[in-house]
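The structure appears right after this line, and notes come after that.
Number of protein chains: 4
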Amino acid sequence: MRTTSAGVFKIATTGPGDVSGLMALIGSGAIDPKSILAILGKTEGNGGVNDFTREYAVAALCAALAPRLGLSPEEVEQRIAFVMSGGTEGVLSPHLTVFTRSEAERPAGLSGKRLSIGMAHTRDFLPEELGRSAQITETAKAVKAAMADAGISDPADIHFVQIKCPLLTSDRVEAASARGNKTATTSAYASMAYSRGASALGVAVALGEIAPDVRDEDVLRRYDLFSKVASTSSGIELMHNVVIVLGNSAASVSEFEIGHAVMRDAIDSAAVIAALESVGLGFAPQATNGRGLVNIFAKAEASPDGSVRGFRHTMLEDTDISSTRHARAAVGGLIAGLAGTGAVYVSGGAEHQGPAGGGPVATIARLSD
Amino acid sequence: MRTTSAGVFKIATTGPGDVSGLMALIGSGAIDPKSILAILGKTEGNGGVNDFTREYAVAALCAALAPRLGLSPEEVEQRIAFVMSGGTEGVLSPHLTVFTRSEAERPAGLSGKRLSIGMAHTRDFLPEELGRSAQITETAKAVKAAMADAGISDPADIHFVQIKCPLLTSDRVEAASARGNKTATTSAYASMAYSRGASALGVAVALGEIAPDVRDEDVLRRYDLFSKVASTSSGIELMHNVVIVLGNSAASVSEFEIGHAVMRDAIDSAAVIAALESVGLGFAPQATNGRGLVNIFAKAEASPDGSVRGFRHTMLEDTDISSTRHARAAVGGLIAGLAGTGAVYVSGGAEHQGPAGGGPVATIARLSD
Amino acid sequence: MRTTSAGVFKIATTGPGDVSGLMALIGSGAIDPKSILAILGKTEGNGGVNDFTREYAVAALCAALAPRLGLSPEEVEQRIAFVMSGGTEGVLSPHLTVFTRSEAERPAGLSGKRLSIGMAHTRDFLPEELGRSAQITETAKAVKAAMADAGISDPADIHFVQIKCPLLTSDRVEAASARGNKTATTSAYASMAYSRGASALGVAVALGEIAPDVRDEDVLRRYDLFSKVASTSSGIELMHNVVIVLGNSAASVSEFEIGHAVMRDAIDSAAVIAALESVGLGFAPQATNGRGLVNIFAKAEASPDGSVRGFRHTMLEDTDISSTRHARAAVGGLIAGLAGTGAVYVSGGAEHQGPAGGGPVATIARLSD
Amino acid sequence: MRTTSAGVFKIATTGPGDVSGLMALIGSGAIDPKSILAILGKTEGNGGVNDFTREYAVAALCAALAPRLGLSPEEVEQRIAFVMSGGTEGVLSPHLTVFTRSEAERPAGLSGKRLSIGMAHTRDFLPEELGRSAQITETAKAVKAAMADAGISDPADIHFVQIKCPLLTSDRVEAASARGNKTATTSAYASMAYSRGASALGVAVALGEIAPDVRDEDVLRRYDLFSKVASTSSGIELMHNVVIVLGNSAASVSEFEIGHAVMRDAIDSAAVIAALESVGLGFAPQATNGRGLVNIFAKAEASPDGSVRGFRHTMLEDTDISSTRHARAAVGGLIAGLAGTGAVYVSGGAEHQGPAGGGPVATIARLSD
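Chains as they are written, first to last, in this note's numbering: chain A, 1 to 369; chain B, 1 to 369; chain C, 1 to 369; chain D, 1 to 369.
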């Protein structure tokens with residue numbers, strides 16, 4: 001019986017322009033470039049507006065993959081979903097995670113649900129729709145489409161939903177204005193949070209985590225509304241949302257399994273351990289026989305109320321280091337300590353992604369055989 | 001029978017100049033100001049050369065304690081050992097730890113070793129002695145004197161040795177030069193590392209952790225030579241070393257106990273858990289019945305070889321955030337996650353304090369009763 | 001005939017806690033501590049929310065002046081207007097400018113207008129009044145009162161108006177809310193800009209630079225409304241505005257004169273030279289015979305439209321260095337180059353203080369005799 | 001008569017990957033891509049070890065120019081000298097300066113010396129030669145060869161010598177060590193200063209600014225030895241020095257002229273004005289009839305003695321902002337103010353390039369006709 005298989009490859013990089021690890025895996029036949037669906041990366045910039053390591057990494061990957069795919073670099077950027085998260089503070093280590101999907105023959109006797117990946121796009125948004133219910137509703141639709149693409153029908157089987165979403169620029173704000181419409185904000189920086197937040201709420205709606213009647217004014221305000229599996233990231237290069245769902249499916253013959261938990265705050269070690277245990281791993285997974293840790297995906301943020309479990313933090317008042325850099329360093333230190341490696345994907349900006357001050361944490365393990 | 005008792009008080013602060021928490025405990029009678037031996041603090045500066053929160057905190061504490069002790073602020077600074085560690089990156093929370101010592105009556109039936117504190121000073125050093133064998137040898141002597149002061153004879157009962165040590169200024173370098181002598185370095189910044197390193201080696205010699213024949217050229221080079229319990233910090237205001245030993249003694253009737261472990265690298269969660277277990281606590285100590293966590297004291301640094309367990313870190317090459325800030329954020333995140341609180345003492349600059357890239361981690365628990 | 005004299009003393013400091021220069025001038029009799037009206041300082045912090053060098057400097061000055069004035073440190077802080085501007089980026093050099101006022105006998109034959117200083121306070125504001133017309137109107141009244149105090153009636157004789165104004169805290173926002181009122185913003189950081197902006201507009205109204213009918217919604221929006229001489233700075237320690245006017249008066253027998261110009265952008269060297277020339281100095285004032293430069297006072301900001309004379313700047317998009325630090329460094333470099341010294345007062349946050357991207361620049365010269 | 005012509009084009013960029021301005025000039029025929037000799041750029045990174053905007057800019061330029069030159073991107077990087085200087089602090093504006101050289105017919109009646117450009121390479125260095133007399137001597141030879149290439153024989157006609165030089169990596173240090181040789185330093189970061197310093201001393205030797213007998217131990221120590229026209233910049237991608245000399249030659253029919261002066265410290269406005277005047281421009285060159293400013297090239301650094309004209313600066317002790325960023329912001333502010341534009345080339349790291357704390361400043365003007 002023909003079915004699908006999802007692959008996951010973690011590749012350390014020596015800099016944002018380093019594509020040698022991926023090219024070596026392609027050269028050896030371990031990765032078929034045509035099977036690449038998405039690449040998530042941690043790059044060593046500051047993760048802020050002026051972090052050029054993200055676009056540099058994407059440019060380098062597109063240039064390197066273009067001849068292998070018989071496409072132009074621009075076409076590669078359209079075909080593969082690139083999500084680069086800047087900021088490897090503390091012990092975090094720059095790396096790429098390459099997701100592949102291919103048809104496969106189901107071996108006899110294989111049982112259990114296994115990693116499956118699906119993708120979908122929304123339509124292009126108008127600038128005035130970003131950060132508002134239109135973006136929420138359309139994202140919810142796309143999440144359902146991506147679930148279908150992944151062959152997953154039960155929301156409980158979805159463990160991580162990575163979304164790339166647009167942001168506002170002054171041109172886009174003016175275009176809305178010329179139509180007589182106001183955008184959610186006029187600031188490019190603030191629009192990133194709005195877009196991330198609405199996209200995360202769209203995931204929550206699609207998975208039934210919250211009721212579908214989210215209002216425009218709830219975005220970036222009602223932080224009790226959130227998804228436990230959404231991870232969203234905004235970029236200037238698109239006007240629609242790209243949705244990647246990662247879950248487990250009985251139809252998949254992948255060698256991998258995914259699970260998740262929710263950090264209720266930035267020091268929630270129990271949640272990190274629960275995420276490891278959800279895929280049969282434990283604390284210090286290196287020691288685990290058989291199953292092996294591939295990667296952990298988490299979102300981090302400085303809790304907006306200025307404290308963690310009753311003790312004041314100083315991340316939001318530091319004029320020298322942005323709070324997103326602080327949060328990645330701290331949460332990255334905790335996850336790395338529990339996972340036994342700094343090559344984990346910890347990303348900042350967790351609006352409506354987990355509770356305020358916390359965030360989702362997903363784990364992918366390679367199954368024993 | 002008369003004996004001694006050591007007290008430990010952790011006090012959250014609202015800023016480097018905030019003395020209200022300490023004054024309230026003095027006002028309520030919980031702390032007798034005359035019993036205060038040392039105050040260790042985490043302040044919210046950058047921990048670097050231009051971190052003025054440390055001297056501001058000391059100035060505020062001296063001004064506030066002066067009338068309670070019938071001394072001038074300058075005399076308070078001489079009487080009490082103030083060790084302020086700047087930098088509360090990530091989830092770390094600004095606070096003070098106040099150590100007291102007083103005579104007490106031994107209750108009948110009390111058994112076991114309990115927290116005991118001892119202090120001692122070296123003689124003043126010549127600038128050319130800093131970072132060299134003279135500083136090592138004199139520090140070792142002072143550690144032994146402080147052990148005697150604490151009533152501890154077995155090095156195995158020593159779990160944390162906090163040292164304040166001098167640094168070089170251009171005036172001090174010139175004074176040495178005028179005598180025809182060269183200092184270990186002419187840079188004030190570099191001299192801090194030399195002084196911290198030699199002081200830590202002095203602890204290692206005193207406790208028999210390394211052989212006493214350390215040579216000048218081993219300082220900041222032979223990182224295989226280190227102490228598992230030394231925590232050293234250099235300051236401009238003194239020319240001698242102040243040594244505070246924290247250990248357990250059968251002579252103490254303190255309500256507290258101390259233990260330690262050694263982090264072999266910045267993600268060594270097992271060591272943090274071992275340090276918690278060494279005083280009868282466990283992972284998530286808040287849940288522990290009876291015994292309670294008071295504080296954790298740890299040193300952190302970016303591993304000099306640029307990697308942690310085989311994965312590259314980017315702390316040493318970041319021009320925007322100093323590696324000490326990165327390291328405190330990451331190690332602070334891990335320890336806070338395992339301890340369940342960000343109000344822990346994580347300090348940077350761990351030369352010869354634990355192995356390269358790692359550092360000592362000590363825990364004080366309040367005993368159940 | 002009895003009249004008044006205003007004195008100005010520029011004192012280099014070795015750190016935010018350094019009061020030795022001021023104490024030496026008091027010890028030598030050059031400064032009578034009772035004559036001190038205001039102290040403006042540049043301290044070496046980051047100038048942001050977590051810049052503790054400002055309060056440290058004020059605490060050190062109050063503690064040092066208290067015994068000389070027979071007051072408690074708290075009373076000193078009430079008596080003297082302390083305005084500390086954090087941030088000595090680039091070539092800017094930490095220093096204090098001490099303003100004194102005393103009665104004097106008018107020498108025969110003295111002519112011309114000379115430096116005169118006046119002070120006044122507004123009433124305490126309600127939190128909901130900050131950043132709005134109430135603050136504008138009350139500030140305008142206080143500016144007129146301070147002009148009268150300085151013996152100056154012609155607005156053309158006013159060259160610098162330094163204002164200290166309140167900010168919002170969460171407690172203050174809640175107090176307004178409990179009264180059923182909304183504040184201009186709920187963010188402490190944003191409230192600083194609102195309070196600075198409204199205070200500057202109050203100066204503009206008082207001096208007839210703009211019409212008095214400024215509306216609440218003009219604050220931080222209508223940047224075409226501004227004062228050419230206002231310099232405002234918000235602090236948490238007060239709920240009213242303190243207004244210090246610096247101008248020239250025929251009644252003054254001061255040895256000093258003040259003038260000003262307006263920088264239309266951050267590279268407006270012509271304005272800096274005009275400010276120097278307005279008090280009889282020129283480019284490279286050190287070379288000027290007779291008259292000597294005392295200090296320059298300027299406000300700097302990154303132009304909100306992202307460019308300077310048609311060329312893009314990157315200050316507003318830098319996640320690692322705040323735009324206020326960039327702006328002080330650049331404008332400080334220009335003014336220092338033209339003034340021949342880095343010991344100048346360049347402060348950030350110039351809302352409604354000069355045109356957008358520019359700011360006022362005032363110069364005080366010592367007269368030849 | 002056939003002779004050469006040198007062209008200079010300043011092109012604003014919207015980001016480090018923006019090549020559109022250059023492509024447009026090529027598309028319009030204004031620039032013949034085959035005539036491009038060198039591209040100097042200011043990119044908006046931090047200018048430090050982890051500034052990836054420099055290599056990103058070079059990668060983008062090489063990819064864009066490759067099809068125009070019929071070469072691979074790697075061959076473009078070999079053919080054209082790319083010198084990217086990271087850091088557009090303060091008002092500095094990201095831009096490229098493209099230098100071209102082509103054969104031309106000398107018009108009758110043309111007189112005077114005009115801009116001429118020459119290039120030369122040294123042989124590859126051994127790692128142990130970097131920062132030492134071998135690098136000095138070979139660089140001096142290459143400077144003379146580049147002068148010949150430019151058709152300039154009189155050192156007084158040389159106004160700017162831009163050098164790209166190697167740095168040490170751990171591999172290179174080990175290679176030296178395997179040969180039994182020690183390198184000048186084992187730190188990659190420190191090696192950049194050594195290589196820049198030795199290269200600048202090579203220029204000084206070639207131009208007769210200093211005696212040729214410079215010893216290894218003079219590098220980074222004898223700061224009284226310096227070149228008034230050297231600007232050096234180290235990069236990981238080469239093991240030899242690339243030398244670009246810019247001067248004036250009677251053989252050139254260029255529309256441009258170059259001149260220079262030397263800033264004796266970071267606030268030396270007189271030197272900047274002298275550099276403008278050396279090419280017939282003045283203060284506020286925009287207003288100058290006929291001649292027009294093309295660009296200014298300067299090196300900046302924090303004065304190593306910690307003060308500027310007797311006043312303390314705080315650049316060297318700031319743990320949050322590197323001194324090179326401070327220095328570029330301040331000197332950039334001054335030069336932009338005097339030049340009337342932030343699109344100037346101000347670069348950090350001025351070892352032996354101008355006096356300690358100062359640096360060379362060169363100006364290129366377009367001639368009137």
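Ideal placement from N, C-alpha and C gives every residue a C-beta, glycine not left out.
**OP:** Would you tell me roughly how many angstroms separate the C-alpha atoms of residue 180/B and residue 172/B, rounded to the nearest one?
**Re:** Between residue 180/B and residue 172/B, the C-alpha separation is close to 13 Å.
Considering only DSSP beta bridges, list what residue 38/B is partnered with. In the DSSP output, where bridge partners are listed per residue, residue 38/B has 81/B, 99/B.
Can you give me the C-alpha to C-alpha distance between residue 353/B and residue 315/A, rounded to a whole angstrom?
Answer to the nearest angstrom: the Cα atoms are 28 Å apart.
What residues from the stretch 311 to 324 of chain C come within 9 Å of chain D, judged by C-beta to C-beta, listed N to C? For the stretch 311 to 324 of chain C, the residues whose beta carbon sits under 9 Å from a beta carbon of chain D are, in order, 311, 312, 313, 314, 315, 317, 318, 320, 321.
- Item | Residues near residue 236/D by beta carbon distance below 7 Å, same chain, minus five either side | Only 167, 169 meet the Cβ criterion.
- Item | Nearest residue (CA-CA) to residue 325/D, options 10/D, 49/D, 37/D | If we check each option's Cα against that of residue 325/D, 49/D comes out closest.
Practice problem: Jot down the residue ranges of each uninterrupted beta strand (DSSP E) in the stretch 305 to 354 of chain C, minimum 3 residues, whole runs only, in chain order. | Solution: DSSP assignment within the stretch 305 to 354 of chain C yields the following whole beta strand (DSSP E) runs of 3 residues or more, N-terminal first: 345 to 348.
In chain order, what residues of the same chain have a beta carbon less than 7 Å from the beta carbon of residue 42/A, not counting five sequence neighbours either side?
-> Listed in chain order, the non-local C-beta contacts of residue 42/A below 7 Å within the same chain comprise 85, 88, 92, 94, 95, 345, local neighbours out to five positions each way being set aside.
- [ ] Please check the pair residue 176/D and residue 241/D, which I expect to be a contact at CB under 8 Å, by giving their CB distance rounded to whole angstroms.
- [x] With a Cβ gap of about 18 Å, residue 176/D and residue 241/D do not count as contacting.
For residue 253/D and residue 313/D, what's the separation of their Cα atoms in angstroms?
Rounded to whole angstroms, residue 253/D to residue 313/D spans 45 Å at the Cα level.
For residue 144/D, name the three-state secondary structure that DSSP assigns.
-> If DSSP states are grouped into helix, strand and coil, residue 144/D belongs with the helices.
*Residues bridged to residue 114/C by DSSP?*
Beta-bridge pairing links residue 114/C to 249/C.
List the endpoints of the continuous alpha helix (DSSP H) containing residue 273/C.
Membership of residue 273/C in the alpha helix (DSSP H) is indicated by the continuous run 269 to 277.
*Cβ distance (whole Å) where residue 229/D is taken to contact residue 283/D below 8 Å*: Going by Cβ atoms, the distance from residue 229/D to residue 283/D rounds to 22 Å, so no, they are not a contact pair.
Per-residue burial, residue 162/B [other beta carbons within 10 Å of its own, 16 or more giving buried]: Here residue 162/B is buried. Its C-beta has 16 or more other C-beta atoms within 10 Å.
- Quick one: give me the first and last residue of the alpha helix (DSSP H) that residue 65/A is part of. Taken as a continuous stretch (DSSP letters only), the alpha helix (DSSP H) holding residue 65/A covers 53 to 69.
What does the alpha-carbon distance come out to for the pair residue 35/B and residue 46/B?
Roughly 31 Å between the two C-alpha positions.
Query raised in the report: Is it a yes or a no for the stretch 127 to 147 of chain B touching the stretch 196 to 208 of chain B, going by three-plus beta-carbon pairs under 8 Å?
Result: Short answer: they touch.
- [ ] Quick one: using the 10 Å Cβ neighbour count with 16 as the cut-off for buried, is residue 370/C buried or exposed?
- [x] Outside the shown range of chain C (1 to 369) lies residue 370/C, about which nothing can therefore be said.
| said: Beta-carbon within less than 6 Å of residue 144/C's beta-carbon, same chain only, minus the 5 sequence neighbours each way: which residues are those? | reply: Taking residue 144/C as the centre and dropping the five residues before and after it, the same chain places the C-beta of 206 closer than 6 Å to its C-beta, in chain order.
Item to complete: Say whether chain A places a C-beta atom closer than 7 Å to the C-beta of residue 248/C.
Response: Chain A places no beta carbon closer than 7 Å to that of residue 248/C, leaving this residue out of the contacts.
Exercise for the section: Give the DSSP-derived three-state secondary structure of residue 7/B in the structure shown. Expected result: Judged by DSSP in its simplified three-state form, residue 7/B adopts strand.
#### Entry: Closest by C-alpha distance to residue 6/A, when choosing among 360/A, 336/A, 250/A
Closest by alpha carbon: 250/A.
task: Taking residue 130/B as part of the alpha helix (DSSP H), name the residues at either end of that continuous run.
output: For residue 130/B, no alpha helix (DSSP H) segment is defined, and its DSSP state is neither H nor E.
query: Are the stretch 115 to 130 of chain D and the stretch 50 to 67 of chain D in contact at 8 Å, needing three or more beta carbon pairs?
result: They do not touch, by the three-pair rule.
Q | Given residue 66/A as reference, the closest of 103/A, 105/A, 26/A, 44/A once Cα atoms are compared | A | Among 103/A, 105/A, 26/A, 44/A, the Cα nearest to that of residue 66/A belongs to 26/A.
**Report entry** Within 8 Å of chain D by C-beta, residues of the stretch 35 to 56 of chain B in sequence order
**Finding:** Residues of the stretch 35 to 56 of chain B whose Cβ lies closer than 8 Å to any Cβ of chain D, in chain order: 46, 47, 48, 49, 50, 51.
Discussion item. Taking 7 Å as the limit between beta carbons, can you name the residues of its chain near residue 348/B, skipping five residues before and five after?
Written reply: Closer than 7 Å at the Cβ level, and outside the excluded window around residue 348/B, lie 47, 87, 300, 301, 324, 327, 328.
- prompt: What's the gap between the Cα of residue 318/C and the Cα of residue 307/C?
  reply: Using only the alpha carbons, I get a separation of about 14 Å.
- prompt: For the 8 Å Cβ check, are there 3 or more pairs between the stretch 109 to 120 of chain D and the stretch 255 to 266 of chain D?
  reply: A contact between stretches requires three or more CB pairs, one per stretch, nearer than 8 Å, and the stretch 109 to 120 of chain D meets this requirement with the stretch 255 to 266 of chain D.
Check whether the Cβ atoms of residue 10/B and residue 294/B sit closer than 7 Å, and answer yes or no. Pairing residue 10/B with residue 294/B gives a Cβ-Cβ distance under 7 Å.
For residue 150/A, I'd like the list of residues in its chain whose CB is within less than 7 Å of its CB, leaving aside the five on either flank, ordered along the chain. 116, 117, 118, 245, 247, 249, listed in sequence order.
Can residue 336/A and residue 267/B be called in contact, C-beta distance under 7 Å? For residue 336/A and residue 267/B, yes; Cβs fall inside 7 Å.
Under 9 Å by beta carbon: chain C residues contacting residue 17/B = Counting only Cβ-Cβ distances below 9 Å, residue 17/B has contacts in chain C at 52, 55, 56, 59, in chain order.
_Less than 7 Å between the beta carbons of residue 272/C and residue 361/C, yes or no?_
Contact check for residue 272/C against residue 361/C passes: the beta carbons are separated by less than 7 Å.
Review point. Helix, strand or coil: which one does DSSP assign to residue 16/C?
Key: Three-state result, residue 16/C: coil.
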